[in-house]
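Undergrad: My questions all concern the structure below.
Given below as structure tokens:
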């Protein structure tokens, strides 16, 4: 409330200006506009007894074609960075989301280590281990990915990390030559890519049901000016959403209806029934593997 009143005369409509507490993000199309807006904010805040920190002020150019030029504040050059964090999300200058994927993998491993005493306990069944994993580890990996346009390679990176965690929890190594679907069926854990798609569609439906002035909805409908570079274009968020809706045979109207949007969620338990049946031979192999380890530990 205080910052809203202090910055009323210089604050622009989102996404040109975004604020959270005392953190301010200013978006402009050129360095000259950035310098002008910075000076306006500095003058407005210092006139009311506040101060802009020069050491904490940074700027990043997204998809920059010409690397010349700097941004200055009161004659001092502002530090240029290749990426910065805002509200837990990492914005990269190249327009990629690789940092978000690596952060999700790291958060998943951190959560797995915290409950590794339960997940690696031989006395606990694989079904309970799967439930603990879905409750503690997987939400940490999925945090924030509903707003990211992942590529197939990045989804595979997340699924590889997930399968390593499940394999360690079940005491399985690559030497056992057990297929991935058997490991998932034994732990009753579905594919991470399906859960990411479900989270994206759920968030998309939530935004589409908001009023038209909501910033999230305006960003979904925004058309970027200019032309793309030559070569293979980068995947945009709406392109990924359209692929997801086509995969589940849904439309934008289904996402805007709250009751119909619930049908867009993947039924993990139903999908795992077939995998659980196929995993019956694997369950026997896993049990034998655990029994062999127990015998070796007693000898």
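Residue numbers (this note's numbering): 244 to 542. All residues carry an ideal CB built from backbone N, CA and C; glycine is no exception.
For residue 538 and residue 377, I'd like the C-alpha separation in whole angstroms.
TA: Here residue 538 is taken as the residue at index 295 of the chain shown, counted from 1. Here residue 377 is taken as the residue at index 134 of the chain shown, counted from 1. Unreliable positioning characterises residue 538 in this predicted model, as indicated by a pLDDT of 48, which lies under 50. A coordinate reading is not provided.
Undergrad: Distance check for residue 419 and residue 267, CA to CA, integer angstroms please.
TA: Start at 1 with the first residue of the chain shown, and residue 267 comes out as number 24. Start at 1 with the first residue of the chain shown, and residue 419 comes out as number 176. Computed Cα separation, rounded: 53 Å.
Undergrad: Measure the C-alpha to C-alpha separation of residue 261 and residue 255 and round it to an integer number of angstroms.
TA: Residue numbering aside, residue 261 sits at position 18 when the chain shown is read from its first letter. Residue numbering aside, residue 255 sits at position 12 when the chain shown is read from its first letter. Distance between the alpha carbons of residue 261 and residue 255 is about 8 Å.
Undergrad: Under a Cβ-count criterion, where at least 16 other Cβ atoms within 10 Å of its own Cβ denotes burial, should residue 405 be classed as buried or exposed?
TA: Taking the chain shown and counting its residues from 1, one reaches residue 405 at position 162. The residue in question, residue 405, is buried, as its Cβ has 16 or more Cβ neighbours within 10 Å.
Undergrad: In chain order, what are the residue ranges of uninterrupted beta strand (DSSP E) at least 3 long that sit wholly in the segment 330-369?
TA: Those beta strand (DSSP E) runs which fall completely within the segment 330-369 and span 3+ residues are 332-335.
Undergrad: Report yes if the C-beta distance between residue 303 and residue 326 is below 8 Å; otherwise report no.
TA: Within the chain shown, numbered from 1, the residue matching residue 303 stands at position 60. Within the chain shown, numbered from 1, the residue matching residue 326 stands at position 83. Yes, they are a contact pair.
Undergrad: Going by the CB atoms, is the gap between residue 354 and residue 380 shorter than 8 Å?
TA: Sequence index remark: in the chain shown, residue 380 carries index 137 (1-based). Sequence index remark: in the chain shown, residue 354 carries index 111 (1-based). Yes, the Cβ-Cβ distance between residue 380 and residue 354 is below 8 Å.
Undergrad: Note down the Cα distance separating residue 335 from residue 417, rounded to an integer number of angstroms.
TA: Taking the chain shown and counting its residues from 1, one reaches residue 335 at position 92. Taking the chain shown and counting its residues from 1, one reaches residue 417 at position 174. Distance between the alpha carbons of residue 335 and residue 417 is about 36 Å.
Undergrad: Decide yes or no for the touch test of the segment 420-428 against the segment 382-401: beta carbon pairs closer than 8 Å, at least 3 of them.
TA: Contact between the segment 420-428 and the segment 382-401 is absent, because fewer than three Cβ pairs lie under 8 Å.
Undergrad: How would you call residue 504, buried or exposed, if buried means at least 16 neighbouring beta carbons within 10 angstroms?
TA: Counted from its first residue, the chain shown places residue 504 at position 261. Flag for residue 504 reads buried.
Undergrad: With a threshold of 16 other CB atoms inside 10 Å of the CB of residue 312, please say whether the residue is buried or exposed.
TA: On the chain shown, residue 312 is found 69 positions in, with the first residue counted as 1. Under this definition residue 312 is an exposed residue.
Undergrad: Between residue 402 and the ligand ADP, is the CB less than 7 Å from at least one heavy atom?
TA: No copy of the ligand ADP appears in this structure; indeed no ligand is present at all.
Undergrad: With H, G and I counted as helix, E and B as strand and the rest as coil, what does DSSP make of residue 313?
TA: By one-based count along the chain shown, residue 313 stands at place 70. Coil, per DSSP.
Undergrad: Please report how far the alpha carbon of residue 281 lies from the alpha carbon of residue 488, in whole angstroms.
TA: Residue numbering aside, residue 281 sits at position 38 when the chain shown is read from its first letter. Residue numbering aside, residue 488 sits at position 245 when the chain shown is read from its first letter. Approximately 41 Å between the Cα atoms of the pair.
Undergrad: In terms of DSSP beta bridges, what is residue 260 paired with?
TA: For the purposes of this step, residue 260 is identified with residue 17 of the chain shown, where counting begins at 1. Answer is 269, bridged to residue 260.
Undergrad: Assuming residue 321 and residue 301 make a contact with CB atoms under 8 Å, what is their CB distance in whole Å?
TA: Locating residue 321 in the chain shown gives position 78, where the first residue counts as 1. Locating residue 301 in the chain shown gives position 58, where the first residue counts as 1. Confirmed, Cβ separation roughly 7 Å.
Undergrad: Could you say which of 438, 350, 333 lies nearest to residue 383 if we only look at CA atoms?
TA: The residue you call residue 383 lines up with position 140 of the chain shown. Checked all of 438, 350, 333; the closest Cα to residue 383 is 350.
Undergrad: Taking only runs that begin and end inside the segment 363-409, name each unbroken alpha helix (DSSP H) of 4 or more residues, in chain order.
TA: For the segment 363-409, whole alpha helix (DSSP H) runs of length 4 or above, ordered along the chain, are 369-375, 381-385.
Undergrad: Does residue 278 come within less than 8 Å of chain B when only Cβ atoms are used?
TA: This model lacks chain B altogether, as it is built from one protein chain only.
Undergrad: Among residues of its own chain, excluding the 5 on either side of residue 478, which ones have a beta-carbon nearer than 7 Å to its beta-carbon?
TA: As a first step, residue 478 must be located in the chain shown, where it is residue number 235. The answer, listed in chain order, is 392, 394.
Undergrad: Taking only three categories from DSSP, how would you classify residue 302?
TA: Within the chain shown, numbered from 1, the residue matching residue 302 stands at position 59. Three-state result, residue 302: strand.
Undergrad: Within 10 Å of its beta-carbon, does residue 357 have 16 or more other beta-carbons around it, so buried, or fewer, so exposed?
TA: By 1-based counting over the chain shown, the position of residue 357 is 114. Residue 357 should be labelled exposed.
Undergrad: Starting from the C-beta of residue 352, find all residues in its chain whose C-beta is less than 8 Å away, skip the five residues before and the five after it, and write them out in chain order.
TA: The residue you call residue 352 lines up with position 109 of the chain shown. 404, 408, listed in sequence order.
Undergrad: Hey, residue 332 and residue 343 are a contact pair by Cβ (cut 8 Å); roughly how many whole angstroms apart?
TA: Residue mapping note: residue 332 aligns to position 89 of the chain shown, counting from 1. Residue mapping note: residue 343 aligns to position 100 of the chain shown, counting from 1. Right, their Cβ atoms sit about 7 Å apart.
Undergrad: Could you give the distance in angstroms between the alpha-carbon of residue 289 and the alpha-carbon of residue 263?
TA: In the chain shown, counting from the first residue as 1, residue 289 sits at position 46. In the chain shown, counting from the first residue as 1, residue 263 sits at position 20. Each residue's alpha carbon lies about 19 Å from the other.
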